[in-house]
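Q: Before anything else, here's the structure in question.
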Amino acid sequence: MTPLAAAAVVTATFLGMEFVAWFMHRFVLHGPLWFLHRSHHVRHPHRFERNDFFFLFYGSLSMLFIIYGSADKDWRFWVGSGIAAYGTLYFFVHDVLIHGRLRFWRKSRNTYLRALNMAHKMHHKTTGRDGSEEFGLLWVSPRYFSLARRKPAPDRESRRLRESAN
1 MTPLAAAAVV TATFLGMEFV AWFMHRFVLH GPLWFLHRSH HVRHPHRFER
51 NDFFFLFYGS LSMLFIIYGS ADKDWRFWVG SGIAAYGTLY FFVHDVLIHG
101 RLRFWRKSRN TYLRALNMAH KMHHKTTGRD GSEEFGLLWV SPRYFSLARR
151 KPAPDRESRR LRESAN
């Protein structure tokens, strides 16, 4: 496979994973697998949640594609690489930035990332299986962009001053 074709397969897989993630989240996680995903919608004192098993599923799928395609670097290798790239970005955006599971990247002043965070918070506004909106990771409804542009991000210095005054 040529480098251009490999890059095209990785890119197409990466972009396709956004649709797969949206579809699975909307119809499977908020459907028959709600018993696992519910742990992600309720507060709990645990570091891990049952919802984290989905990471194992997609990670295993990616690993299998990479392993079985690695000898010839055929399409399977590049599909697995695209899934892995999406999973890596998912971890940093969803788990680190939005949910703060690792505390090194708390807030962003970037309009897109703030809009993404607002959309995700709206998704979590509903703690039940039904009534949620915004099921994707990277695609954000335009209304959240306008909200992110209108509502300025708090700067760290003014936040620190407010906290020290209380």
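Residue numbers (the UniProt record's numbering): 1 to 166. Every residue gets a Cβ at the ideal spot worked out from N, C-alpha and C, and that includes glycine.
1) Just mark Ile-98 as buried or exposed, buried being the case when its beta carbon has 16 or more other beta carbons within 10 Å.
2) By DSSP, does Lys-121 sit in helix, in strand, or in coil?
3) Where does Ala-100 sit, in a helix, a strand or coil, going by DSSP?
4) Pull up the distance between the alpha-carbon of Gly-82 and that of Arg-43, whole angstroms please.
5) Here's the rule I'm using: 16 or more other beta-carbon atoms within 10 Å means buried, otherwise exposed. How should Val-20 be labelled?
6) Roughly how many angstroms lie between the CA atoms of Glu-157 and Arg-114, to the nearest whole one?
7) How big is the Cα-Cα spacing for Phe-53 and Asp-95?
8) Indicate whether Ala-85 and Val-10 have their beta-carbon atoms separated by less than 8 Å.
9) Could you check where the alpha helix (DSSP H) with Pro-142 kicks off and where it finishes?
10) What do you reckon, are the CB atoms on Val-93 and Leu-56 nearer than 8 Å?
11) Which value, in whole angstroms, describes the spacing of the CA atoms of Ser-60 and Ile-66?
12) Report the rounded CA-to-CA distance for Pro-32 versus Gly-87, giving the unit in angstroms.
13) On a CA-only basis, which of Ser-62, Tyr-68 and His-123 is nearest Val-140? Give me that one, please.
14) How long is the line joining the alpha carbons of Arg-76 and Met-24, rounded to whole angstroms?
15) Could you give the distance in angstroms between the alpha-carbon of Ala-119 and the alpha-carbon of Glu-134?
16) Any idea if Thr-2 is buried or exposed, counting beta-carbon neighbours within 10 angstroms, 16 or more meaning buried?
17) State the Cα-Cα distance for the pair Leu-4 and Phe-27, rounded to the nearest angstrom.
A: So, from the listed chains and residues:
1) buried
2) helix
3) A quick correction: the sequence has Gly, not Ala, at residue 100. Correct three-state label for Gly-100: coil.
4) 32 Å
5) Around the C-beta of Val-20, fewer than 16 other C-beta atoms lie within 10 Å, and the residue is accordingly described as exposed.
6) In this prediction, Glu-157 scores a pLDDT of 48, lower than 50, which makes its location untrustworthy; the coordinate-derived value is nonetheless stated afterwards. Cα to Cα, the separation comes out at about 19 Å.
7) One C-alpha to the other measures close to 14 Å.
8) yes
9) 142-150
10) no
11) Straight across, the Cα-Cα distance linking Ser-60 with Ile-66 is about 10 Å.
12) 22 Å
13) His-123
14) 21 Å
15) 6 Å
16) exposed
17) 34 Å
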